[in-house]
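Residue numbers (the numbering used here): 568 to 925.
All residues carry an ideal CB built from backbone N, CA and C; glycine is no exception.
Just so it is clear, the structure is predicted and the values come from calculations on it, not from any experiment.
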(Lines of atoms letter the chains of each structure in order from A and count residues from 1; the text may use other names and numbers.)
(Lines give C-alpha, C1' and ligand atoms only; values in the text may rest on other atoms or scores of the structure.)
Protein backbone atom coordinates (compact mmCIF):
# COMPACT_ATOMS: atom_id res chain seq x y z
CA UNK A 1 0.00 0.00 0.00
CA UNK A 2 1.49 3.33 -1.10
CA UNK A 3 1.83 6.45 1.00
CA UNK A 4 -1.03 8.15 -0.84
CA UNK A 5 -3.34 5.18 -0.23
CA UNK A 6 -2.51 5.12 3.50
CA UNK A 7 -3.19 8.87 3.74
CA UNK A 8 -6.65 8.62 2.18
CA UNK A 9 -7.46 5.59 4.37
CA UNK A 10 -6.57 7.61 7.49
CA UNK A 11 -8.60 10.58 6.23
CA UNK A 12 -11.63 8.36 5.69
CA UNK A 13 -11.33 7.04 9.25
CA UNK A 14 -11.20 10.56 10.72
CA UNK A 15 -14.17 11.61 8.59
CA UNK A 16 -16.18 8.67 9.88
CA UNK A 17 -15.47 9.66 13.50
CA UNK A 18 -16.26 13.38 13.21
CA UNK A 19 -19.19 15.12 11.51
CA UNK A 20 -18.50 15.63 7.83
CA UNK A 21 -19.06 19.41 7.83
CA UNK A 22 -18.61 20.38 11.49
CA UNK A 23 -22.25 21.46 11.68
CA UNK A 24 -24.51 18.46 11.12
CA UNK A 25 -24.58 14.73 11.22
CA UNK A 26 -27.15 11.98 11.16
CA UNK A 27 -27.19 8.46 12.51
CA UNK A 28 -29.58 6.13 14.28
CA UNK A 29 -28.87 7.53 17.74
CA UNK A 30 -29.01 11.20 16.67
CA UNK A 31 -31.73 11.49 14.06
CA UNK A 32 -31.83 15.28 13.85
CA UNK A 33 -29.37 18.10 13.21
CA UNK A 34 -28.03 18.50 16.74
CA UNK A 35 -24.72 20.12 15.85
CA UNK A 36 -26.44 23.01 14.10
CA UNK A 37 -28.76 23.25 17.09
CA UNK A 38 -25.79 23.46 19.49
CA UNK A 39 -24.14 26.22 17.45
CA UNK A 40 -27.28 28.35 17.41
CA UNK A 41 -27.59 28.54 13.61
CA UNK A 42 -31.38 28.79 13.69
CA UNK A 43 -32.08 30.76 16.88
CA UNK A 44 -31.59 34.38 17.92
CA UNK A 45 -32.10 34.17 21.69
CA UNK A 46 -32.61 31.76 24.57
CA UNK A 47 -34.42 32.20 27.87
CA UNK A 48 -33.99 29.67 30.68
CA UNK A 49 -35.41 29.33 34.19
CA UNK A 50 -34.36 26.78 36.83
CA UNK A 51 -35.96 26.03 40.18
CA UNK A 52 -33.43 25.02 42.85
CA UNK A 53 -34.07 22.91 45.92
CA UNK A 54 -30.82 22.98 47.89
CA UNK A 55 -29.60 22.26 51.39
CA UNK A 56 -26.95 24.69 52.67
CA UNK A 57 -24.13 23.04 54.63
CA UNK A 58 -21.85 25.23 56.77
CA UNK A 59 -18.61 24.19 58.42
CA UNK A 60 -19.26 26.45 61.40
CA UNK A 61 -17.10 24.98 64.14
CA UNK A 62 -18.69 27.20 66.80
CA UNK A 63 -21.96 25.73 68.16
CA UNK A 64 -24.54 28.02 69.69
CA UNK A 65 -24.60 26.22 73.06
CA UNK A 66 -23.07 23.30 74.92
CA UNK A 67 -25.03 21.02 77.24
CA UNK A 68 -22.92 19.92 80.20
CA UNK A 69 -23.94 16.84 82.16
CA UNK A 70 -22.04 15.06 84.90
CA UNK A 71 -22.23 12.98 88.00
CA UNK A 72 -20.04 12.31 90.99
CA UNK A 73 -19.96 9.35 93.33
CA UNK A 74 -17.39 9.30 96.08
CA UNK A 75 -13.96 9.88 94.60
CA UNK A 76 -15.01 9.28 90.98
CA UNK A 77 -16.76 11.73 88.70
CA UNK A 78 -17.57 12.05 85.02
CA UNK A 79 -18.63 14.94 82.85
CA UNK A 80 -19.96 15.11 79.31
CA UNK A 81 -20.10 18.17 77.04
CA UNK A 82 -22.42 17.96 74.03
CA UNK A 83 -22.36 20.80 71.51
CA UNK A 84 -25.56 21.87 69.79
CA UNK A 85 -25.49 23.31 66.26
CA UNK A 86 -27.94 25.17 64.04
CA UNK A 87 -28.47 23.18 60.84
CA UNK A 88 -30.06 24.92 57.81
CA UNK A 89 -33.03 23.19 56.21
CA UNK A 90 -33.75 22.55 52.53
CA UNK A 91 -34.66 25.77 50.75
CA UNK A 92 -35.94 26.83 47.33
CA UNK A 93 -34.00 29.11 45.02
CA UNK A 94 -34.16 30.28 41.43
CA UNK A 95 -31.82 30.82 38.50
CA UNK A 96 -32.62 32.80 35.35
CA UNK A 97 -30.54 32.91 32.17
CA UNK A 98 -30.65 34.95 28.96
CA UNK A 99 -28.40 33.80 26.11
CA UNK A 100 -27.55 35.17 22.67
CA UNK A 101 -26.18 32.55 20.24
CA UNK A 102 -23.29 33.87 18.14
CA UNK A 103 -23.35 37.22 19.90
CA UNK A 104 -19.76 37.80 18.79
CA UNK A 105 -18.75 35.89 15.66
CA UNK A 106 -19.00 32.20 16.63
CA UNK A 107 -19.06 32.86 20.40
CA UNK A 108 -22.29 32.66 22.40
CA UNK A 109 -23.00 35.08 25.25
CA UNK A 110 -25.13 34.41 28.32
CA UNK A 111 -26.04 36.21 31.53
CA UNK A 112 -27.44 34.28 34.49
CA UNK A 113 -28.59 35.27 37.97
CA UNK A 114 -28.84 32.83 40.91
CA UNK A 115 -30.63 33.54 44.20
CA UNK A 116 -31.16 31.39 47.28
CA UNK A 117 -31.96 32.41 50.86
CA UNK A 118 -32.15 30.26 53.98
CA UNK A 119 -33.42 30.81 57.53
CA UNK A 120 -33.53 28.42 60.45
CA UNK A 121 -33.55 28.44 64.24
CA UNK A 122 -32.80 26.18 67.19
CA UNK A 123 -33.57 26.15 70.89
CA UNK A 124 -32.15 24.28 73.86
CA UNK A 125 -33.65 24.20 77.36
CA UNK A 126 -32.14 23.16 80.64
CA UNK A 127 -32.58 19.42 81.10
CA UNK A 128 -32.36 17.11 84.08
CA UNK A 129 -28.89 17.15 85.66
CA UNK A 130 -27.64 19.41 82.86
CA UNK A 131 -26.21 22.89 82.50
CA UNK A 132 -26.05 25.13 79.42
CA UNK A 133 -22.77 26.84 78.62
CA UNK A 134 -22.59 29.81 76.24
CA UNK A 135 -20.35 29.28 73.21
CA UNK A 136 -21.22 32.21 70.94
CA UNK A 137 -20.08 35.07 73.18
CA UNK A 138 -16.77 36.25 74.60
CA UNK A 139 -15.89 34.58 77.94
CA UNK A 140 -15.39 38.06 79.42
CA UNK A 141 -18.97 38.98 78.48
CA UNK A 142 -20.26 35.80 80.14
CA UNK A 143 -18.32 36.75 83.26
CA UNK A 144 -19.90 40.21 83.27
CA UNK A 145 -23.34 38.60 83.43
CA UNK A 146 -22.41 36.87 86.69
CA UNK A 147 -23.88 33.59 85.41
CA UNK A 148 -21.76 30.52 84.82
CA UNK A 149 -24.49 28.36 83.28
CA UNK A 150 -27.75 29.38 81.63
CA UNK A 151 -31.29 27.98 81.71
CA UNK A 152 -32.10 28.32 77.99
CA UNK A 153 -30.47 29.23 74.68
CA UNK A 154 -31.96 30.28 71.35
CA UNK A 155 -30.30 30.83 67.97
CA UNK A 156 -31.43 32.18 64.59
CA UNK A 157 -29.29 31.55 61.51
CA UNK A 158 -29.88 33.16 58.11
CA UNK A 159 -28.02 33.55 54.84
CA UNK A 160 -28.51 34.93 51.35
CA UNK A 161 -26.50 33.91 48.27
CA UNK A 162 -26.65 35.84 44.99
CA UNK A 163 -24.49 35.33 41.90
CA UNK A 164 -24.34 36.99 38.48
CA UNK A 165 -22.45 35.20 35.68
CA UNK A 166 -21.50 36.92 32.40
CA UNK A 167 -19.83 34.40 30.12
CA UNK A 168 -18.81 33.72 26.53
CA UNK A 169 -18.92 30.14 25.28
CA UNK A 170 -18.08 28.20 22.13
CA UNK A 171 -19.92 25.05 21.09
CA UNK A 172 -17.72 22.19 19.90
CA UNK A 173 -19.58 19.12 18.60
CA UNK A 174 -17.29 16.11 18.32
CA UNK A 175 -17.59 12.42 17.58
CA UNK A 176 -21.12 11.07 17.36
CA UNK A 177 -23.73 12.73 19.59
CA UNK A 178 -21.17 14.46 21.85
CA UNK A 179 -20.80 18.20 22.36
CA UNK A 180 -18.78 20.36 24.75
CA UNK A 181 -19.07 24.12 25.23
CA UNK A 182 -16.07 25.63 27.02
CA UNK A 183 -16.82 29.01 28.57
CA UNK A 184 -15.13 31.83 30.46
CA UNK A 185 -16.20 35.17 31.82
CA UNK A 186 -16.87 37.18 34.96
CA UNK A 187 -18.76 36.21 38.12
CA UNK A 188 -20.07 38.60 40.80
CA UNK A 189 -21.13 37.13 44.16
CA UNK A 190 -22.84 38.57 47.22
CA UNK A 191 -23.17 36.41 50.33
CA UNK A 192 -24.66 37.57 53.65
CA UNK A 193 -24.86 35.53 56.82
CA UNK A 194 -26.22 36.36 60.27
CA UNK A 195 -26.33 34.51 63.58
CA UNK A 196 -28.38 35.82 66.51
CA UNK A 197 -28.01 33.98 69.82
CA UNK A 198 -29.70 34.60 73.17
CA UNK A 199 -28.84 33.05 76.54
CA UNK A 200 -31.30 33.28 79.44
CA UNK A 201 -30.21 32.82 83.06
CA UNK A 202 -30.83 33.91 86.65
CA UNK A 203 -28.69 34.94 89.58
CA UNK A 204 -30.22 35.48 93.00
CA UNK A 205 -33.69 35.87 91.51
CA UNK A 206 -32.45 38.47 89.03
CA UNK A 207 -32.87 37.73 85.33
CA UNK A 208 -29.62 37.79 83.33
CA UNK A 209 -29.60 37.82 79.52
CA UNK A 210 -26.64 37.65 77.15
CA UNK A 211 -27.18 38.32 73.45
CA UNK A 212 -24.82 37.93 70.50
CA UNK A 213 -25.64 39.51 67.13
CA UNK A 214 -23.08 38.47 64.48
CA UNK A 215 -23.26 39.52 60.82
CA UNK A 216 -20.93 39.04 57.87
CA UNK A 217 -21.13 40.21 54.28
CA UNK A 218 -18.95 39.37 51.30
CA UNK A 219 -19.14 41.10 47.94
CA UNK A 220 -16.64 40.20 45.26
CA UNK A 221 -16.03 39.60 41.58
CA UNK A 222 -13.57 37.59 39.55
CA UNK A 223 -13.00 35.13 36.76
CA UNK A 224 -15.08 32.03 36.08
CA UNK A 225 -14.26 29.23 33.62
CA UNK A 226 -15.65 25.80 32.88
CA UNK A 227 -17.42 23.70 30.31
CA UNK A 228 -20.82 22.27 29.46
CA UNK A 229 -21.14 18.72 28.15
CA UNK A 230 -24.01 17.04 26.34
CA UNK A 231 -24.46 13.50 25.09
CA UNK A 232 -27.43 13.08 22.76
CA UNK A 233 -29.25 9.79 23.22
CA UNK A 234 -32.31 9.44 21.00
CA UNK A 235 -35.67 11.09 20.28
CA UNK A 236 -34.65 14.37 21.93
CA UNK A 237 -33.20 12.88 25.13
CA UNK A 238 -29.74 13.98 26.29
CA UNK A 239 -27.42 13.59 29.24
CA UNK A 240 -26.01 16.92 30.42
CA UNK A 241 -23.23 18.03 32.75
CA UNK A 242 -21.53 21.26 33.73
CA UNK A 243 -18.44 22.05 35.80
CA UNK A 244 -16.98 25.46 36.58
CA UNK A 245 -14.57 27.13 38.96
CA UNK A 246 -14.23 30.75 39.98
CA UNK A 247 -11.70 32.92 41.79
CA UNK A 248 -13.24 35.99 43.42
CA UNK A 249 -11.64 39.03 45.02
CA UNK A 250 -13.70 41.17 47.36
CA UNK A 251 -14.19 42.66 50.81
CA UNK A 252 -15.68 41.26 53.99
CA UNK A 253 -17.66 43.27 56.49
CA UNK A 254 -17.96 41.51 59.87
CA UNK A 255 -19.89 42.93 62.85
CA UNK A 256 -20.19 41.21 66.24
CA UNK A 257 -22.38 42.93 68.85
CA UNK A 258 -22.73 41.36 72.32
CA UNK A 259 -25.06 42.68 75.02
CA UNK A 260 -25.39 41.84 78.71
CA UNK A 261 -28.74 42.74 80.29
CA UNK A 262 -29.19 42.54 84.08
CA UNK A 263 -32.47 43.10 85.89
CA UNK A 264 -31.86 44.94 89.18
CA UNK A 265 -33.89 44.69 92.39
CA UNK A 266 -36.29 47.37 91.16
CA UNK A 267 -37.12 45.39 88.02
CA UNK A 268 -35.23 47.80 85.75
CA UNK A 269 -33.02 46.35 83.04
CA UNK A 270 -29.47 47.64 82.72
CA UNK A 271 -27.62 46.80 79.50
CA UNK A 272 -23.94 46.90 78.59
CA UNK A 273 -22.86 46.74 74.94
CA UNK A 274 -19.63 45.20 73.64
CA UNK A 275 -18.49 45.25 70.00
CA UNK A 276 -15.97 42.96 68.33
CA UNK A 277 -15.73 44.09 64.69
CA UNK A 278 -13.31 43.27 61.88
CA UNK A 279 -11.80 45.97 59.69
CA UNK A 280 -12.66 45.62 55.99
CA UNK A 281 -9.97 43.83 54.05
CA UNK A 282 -9.56 42.26 50.63
CA UNK A 283 -9.87 38.49 50.52
CA UNK A 284 -9.67 35.83 47.80
CA UNK A 285 -12.63 33.42 47.72
CA UNK A 286 -12.56 30.33 45.45
CA UNK A 287 -15.84 28.82 44.29
CA UNK A 288 -17.21 25.98 42.19
CA UNK A 289 -20.41 24.72 40.59
CA UNK A 290 -21.04 21.15 39.37
CA UNK A 291 -24.23 19.86 37.71
CA UNK A 292 -25.28 16.53 36.22
CA UNK A 293 -28.67 15.60 34.82
CA UNK A 294 -30.82 14.83 31.80
CA UNK A 295 -32.71 16.93 29.27
CA UNK A 296 -35.49 16.46 26.74
CA UNK A 297 -35.85 18.70 23.66
CA UNK A 298 -38.84 19.15 21.39
CA UNK A 299 -39.91 21.50 18.60
CA UNK A 300 -42.80 23.75 19.62
CA UNK A 301 -44.36 26.23 17.17
CA UNK A 302 -41.07 27.04 15.51
CA UNK A 303 -39.21 27.28 18.83
CA UNK A 304 -37.04 24.74 20.61
CA UNK A 305 -38.23 23.80 24.11
CA UNK A 306 -35.93 21.93 26.47
CA UNK A 307 -36.85 20.44 29.86
CA UNK A 308 -34.11 19.38 32.26
CA UNK A 309 -33.54 18.12 35.80
CA UNK A 310 -30.57 16.94 37.79
CA UNK A 311 -28.27 17.30 40.79
CA UNK A 312 -26.15 20.37 41.57
CA UNK A 313 -23.46 21.41 44.07
CA UNK A 314 -22.46 25.07 44.65
CA UNK A 315 -19.55 25.94 46.92
CA UNK A 316 -17.60 28.88 48.33
CA UNK A 317 -14.61 28.64 50.66
CA UNK A 318 -12.43 31.03 52.65
CA UNK A 319 -15.52 32.76 54.04
CA UNK A 320 -15.74 34.57 57.37
CA UNK A 321 -16.66 32.75 60.57
CA UNK A 322 -17.31 34.02 64.07
CA UNK A 323 -14.26 34.39 66.27
CA UNK A 324 -13.59 31.97 69.08
CA UNK A 325 -12.02 33.80 72.03
CA UNK A 326 -9.48 32.30 74.41
CA UNK A 327 -9.45 34.43 77.56
CA UNK A 328 -12.05 35.88 79.91
CA UNK A 329 -9.68 38.60 81.12
CA UNK A 330 -10.32 42.27 80.41
CA UNK A 331 -6.64 43.11 79.81
CA UNK A 332 -4.70 42.70 76.57
CA UNK A 333 -5.68 39.04 76.38
CA UNK A 334 -9.25 40.05 75.57
CA UNK A 335 -8.34 40.16 71.86
CA UNK A 336 -6.98 36.62 71.69
CA UNK A 337 -9.00 34.58 69.18
CA UNK A 338 -8.71 32.04 66.40
CA UNK A 339 -8.80 32.69 62.64
CA UNK A 340 -11.95 33.86 60.90
CA UNK A 341 -11.21 33.03 57.24
CA UNK A 342 -12.04 29.32 57.48
CA UNK A 343 -15.71 29.39 56.50
CA UNK A 344 -17.10 27.00 53.91
CA UNK A 345 -20.52 27.16 52.25
CA UNK A 346 -21.74 24.16 50.23
CA UNK A 347 -25.27 24.00 48.83
CA UNK A 348 -26.34 20.76 47.19
CA UNK A 349 -29.60 19.37 45.89
CA UNK A 350 -31.86 19.19 42.87
CA UNK A 351 -32.56 21.54 40.00
CA UNK A 352 -35.34 21.43 37.41
CA UNK A 353 -36.15 23.90 34.69
CA UNK A 354 -36.70 24.70 31.06
CA UNK A 355 -35.31 26.87 28.31
CA UNK A 356 -36.83 28.20 25.11
CA UNK A 357 -34.83 29.03 21.99
CA UNK A 358 -36.51 31.26 19.45
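Next item on the list: Indicate the three-state DSSP secondary structure (helix, strand or coil) for residue 830 in the structure shown.
Entry: Position 263 of the chain shown holds residue 830. Of the three classes helix, strand and coil, the one that applies to residue 830 here is strand, per DSSP.
Note to self: Between which two residues does the beta strand (DSSP E) holding residue 725 run?
What the structure shows: Numbered from 1 along the chain shown, position 158 holds the residue referred to as residue 725. Residue 725 -> beta strand (DSSP E) spans 719-736.
Notebook entry, point to check: What does a CB cutoff of less than 6 Å around residue 758 pick up in its chain, not counting 5 residues either side in sequence?
Noted result: Translated into positions along the chain shown, residue 758 becomes position 191. If we look at residue 758 and ignore the five residues flanking it on each side, its Cβ neighbours are 728, 785.
Item checked: Among 802, 793, 846, the one whose alpha carbon lies nearest that of residue 747 -> Counted from its first residue, the chain shown places residue 747 at position 180. Checking every option, the nearest Cα to that of residue 747 belongs to 793.
Checklist line | Buried or exposed (CB count within 10 angstroms, at least 16 for buried), residue 657 | finding: Reading the chain shown from its first residue, position 90 is the one you call residue 657. Residue 657 should be labelled exposed.
Note to self: Here's a check: name, in chain order, each residue in its chain whose Cβ is nearer than 6 Å to the Cβ of residue 842, leaving out the five neighbours to either side.
What the structure shows: As a working note, residue 842 is residue 275 in the chain shown. Only 824 meet the Cβ criterion.
Notebook entry, point to check: Helix, strand or coil: how does DSSP classify residue 923 here?
Noted result: The residue labelled residue 923 in the question sits at position 356 within the chain shown. Three-state result, residue 923: strand.
Checklist line | Where residue 704 falls: helix, strand or coil (DSSP) | finding: Sequence index remark: in the chain shown, residue 704 carries index 137 (1-based). If DSSP states are grouped into helix, strand and coil, residue 704 belongs with coil.
Notebook entry, point to check: Taking C-beta to C-beta, are residue 923 and residue 883 nearer than 9 Å?
Noted result: Position 356 of the chain shown holds residue 923. Position 316 of the chain shown holds residue 883. Result no, Cβ atoms of residue 923 and residue 883 do not sit closer than 9 Å.
Check: Is it true that the stretch 856-865 meets the stretch 794-810, where meeting means three or more beta-carbon pairs spaced less than 8 Å apart?
Finding: yes
Notebook entry, point to check: Under a three-way DSSP split, which group does residue 710 fall into?
Noted result: Residue numbering aside, residue 710 sits at position 143 when the chain shown is read from its first letter. Note: residue 710 maps to helix in three-state DSSP.
Check: Considering residue 836, what are the terminal residues of the beta strand (DSSP E) in which it resides?
Finding: Here residue 836 refers to the residue found at position 269 of the chain shown. Run containing residue 836: 836-842, per the beta strand (DSSP E) assignment.
Next item on the list: Kindly list the residues whose CB is nearer than 7 Å to the CB of residue 745, restricted to its own chain and excluding five residues on each side of it in sequence; keep chain order.
Entry: Taking the first residue of the chain shown as 1, we reach residue 745 at position 178. Excluding positions up to five away in sequence, the list reads 798.
Next item on the list: Look up residue 853 in the DSSP assignment and say whether it is helix, strand or coil.
Entry: Counting from one through the chain shown, the residue named residue 853 turns up at place 286. If DSSP states are grouped into helix, strand and coil, residue 853 belongs with the strands.
Next item on the list: Take every Cβ of the stretch 714-727, pair it with every Cβ of the stretch 765-778, and state whether three or more of those distances are shorter than 8 Å.
Entry: yes
Notebook entry, point to check: For the putative contact between residue 650 and residue 630, defined by C-beta atoms under 8 Å, what is the C-beta separation to the nearest angstrom?
Noted result: In the chain shown, residue 650 corresponds to position 83, counting from 1. In the chain shown, residue 630 corresponds to position 63, counting from 1. So it is a contact: roughly 4 Å between Cβ atoms.
Check: On the three-state DSSP scale, how would you describe residue 693?
Finding: As a first step, residue 693 is located in the chain shown; it is residue number 126 there, counting from the start. Residue state, collapsed to three classes: coil.
Next item on the list: Please state whether DSSP places residue 781 in a helix, a strand or coil.
Entry: Counting from 1 along the chain shown, the entry for residue 781 is found at position 214. Residue 781: strand per DSSP, three-state reduction.
Note to self: Along the chain, where does the beta strand (DSSP E) containing residue 880 start, and where does it finish?
What the structure shows: Residue mapping note: residue 880 aligns to position 313 of the chain shown, counting from 1. From DSSP, the beta strand (DSSP E) with residue 880 extends over 870-886.
Check: Roughly how many whole angstroms lie between the Cα atoms of residue 801 and residue 666?
Finding: In the chain shown, residue 801 corresponds to position 234, counting from 1. In the chain shown, residue 666 corresponds to position 99, counting from 1. Their backbone Cα atoms lie some 25 Å apart in a straight line.
Item checked: Identity of the residue in 707, 878, 803 nearest residue 864 by Cα -> Against the chain shown, residue 864 aligns to sequence position 297. Answer by Cα proximity: 803.
Checklist line | Through-space distance from residue 671 to residue 599, alpha-carbon basis | finding: Numbered from its first residue, the chain shown carries residue 599 at position 32. Numbered from its first residue, the chain shown carries residue 671 at position 104. With a pLDDT of only 41 at residue 599, under 50, the local geometry of the prediction cannot be trusted, and no value is derived from it.
Checklist line | Residues of its chain near residue 839, where Cβ-Cβ distance is below 6 Å and the 5 sequence neighbours each way are ignored | finding: Residue numbering aside, residue 839 sits at position 272 when the chain shown is read from its first letter. Contacts found: 827.
Check: Of the residues 688, 732, 831, 645, which one's Cα is nearest the Cα of residue 726?
Finding: Counting from 1 along the chain shown, the entry for residue 726 is found at position 159. When each option's Cα is compared against that of residue 726, the closest is 688.
Item checked: Where the beta strand (DSSP E) through residue 621 begins and ends -> For the purposes of this step, residue 621 is taken as the residue at position 54 of the chain shown. Taken as a continuous stretch (DSSP letters only), the beta strand (DSSP E) holding residue 621 covers 613-625.
Note to self: Would residue 854 and residue 756 qualify as a contact pair, given that the criterion is a beta-carbon distance under 9 Å?
What the structure shows: As a working mapping, residue 854 is identified with position 287 in the chain shown. As a working mapping, residue 756 is identified with position 189 in the chain shown. Yes, these two residues count as a Cβ contact at 9 Å.
Notebook entry, point to check: Hey, out of 915, 909, 848, 887, whose CA is closest to residue 881's CA?
Noted result: On the chain shown, residue 881 is found 314 positions in, with the first residue counted as 1. Comparing Cα-Cα distances from residue 881 to each of 915, 909, 848, 887, the minimum goes to 915.
Checklist line | Own chain residues within Cβ distance below 8 Å of residue 878, not counting five before or after | finding: The residue labelled residue 878 in the question sits at position 311 within the chain shown. Within the same chain, residue 878 has close Cβ partners 858, 859, 860, 915, 916, 917, 918.
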